[in-house]
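K.L.:
Pasting in a structure now, in structure tokens, and then I'll have a few things to ask.
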């Protein structure tokens, strides 16, 4: 019931507040398992993507987002109601369990979103993707839709406690799905790496960010 309240009441209100510019939404399938793989510039990304996709989208989100106070607590409640999965940043075992939960989300025919970079970019550049997204796609038999968010770092910059949506209008672009079957005949580790490299290439085309080719040092996401 809380999810449907958020979806029917809070979600439309937040769309009015954020006024997102959306391109390529037709690339997101209306049903069935799908992974949305996005760049990551701000906390707001985890709010914005579920606002614009007309189906339930589940994320893995760091546990701190669910433990804030004031406005952050309200945003955390929104993520919780939307079915996001909290993961302690420093606990590797918890992160592995979260990917298993994510696999369950996909196996149930739902949409799951992930940030292949592992954490948000503080300098606006695009970092190398971790292979967790490839592992999910290949194990769930799910296509991956590359996503690029733009301008969210201006709404809630690093260190900011509250978003300021009316001053900047964010954008979300969805690319064409990348099919897991194209990588299924490769050795597993090579398939995961090749798939995530393709995903990051498509995200870069959408976002026009400078690509670093290295991991974000702040990232704690699983590599394997």
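In full-length UniProt numbering, the protein residues as written are 1 to 224.
Idealized CB from N, CA, C, for every residue including glycine.
(1) Are the C-beta of residue 179 and some C-beta of chain C separated by less than 7 Å?
(2) Would you identify the three-state DSSP class for residue 149, choosing helix, strand or coil?
(3) Report whether the distance from the Cβ of residue 140 to the nearest heavy atom of the ligand ATP is below 6 Å.
(4) Of the residues 136, 202, 215, 213, which one's Cα is nearest the Cα of residue 60?
(5) Please determine, among 208, 55, 175, the residue with the shortest C-alpha to C-alpha distance to residue 8.
(6) Please go through the same chain and pick out, in chain order, the residues whose beta-carbon is closer than 7 Å to the beta-carbon of residue 120, but skip the five residues on each side of it.
(7) Cβ of residue 145 within 7 Å of Cβ of residue 183?
(8) Please state whether DSSP places residue 190 in a helix, a strand or coil.
(9) Can you tell me whether DSSP reads residue 34 as helix, strand or coil?
(10) When you compare the CB positions of residue 172 and residue 28, do they come within less than 7 Å of one another, or not?
P.N.:
In short, the structure shows the following:
(1) Going by chain labels, chain C is absent from the structure shown, which holds only one protein chain.
(2) Walking along the chain shown from the start, residue 149 turns up at place 149. In the three-state scheme derived from DSSP, where H, G and I count as helix and E and B as strand, residue 149 is classed as strand.
(3) The model on display carries no ligand, and the ligand ATP is accordingly not part of it.
(4) The count along the chain shown starts at 1 and reaches residue 60 at position 60. The residue with the shortest Cα to Cα distance from residue 60 is 136.
(5) For the purposes of this step, residue 8 is identified with residue 8 of the chain shown, where counting begins at 1. The option with the nearest alpha carbon to residue 8 is 55.
(6) Against the chain shown, residue 120 aligns to sequence position 120. Cβ neighbours of residue 120 beyond the five flanking positions: 40, 41, 42.
(7) Taking the chain shown and counting its residues from 1, the one referred to as residue 145 is at position 145. Taking the chain shown and counting its residues from 1, the one referred to as residue 183 is at position 183. No; because the gap between Cβ atoms is not below 7 Å, this pair is not in contact.
(8) Numbered from its first residue, the chain shown carries residue 190 at position 190. Correct three-state label for residue 190: helix.
(9) The count along the chain shown starts at 1 and reaches residue 34 at position 34. The three-state reading of DSSP puts residue 34 in strand, counting E and B together.
(10) One-based indexing of the chain shown puts residue 172 at position 172. One-based indexing of the chain shown puts residue 28 at position 28. For residue 172 and residue 28, no; Cβs fall outside 7 Å.
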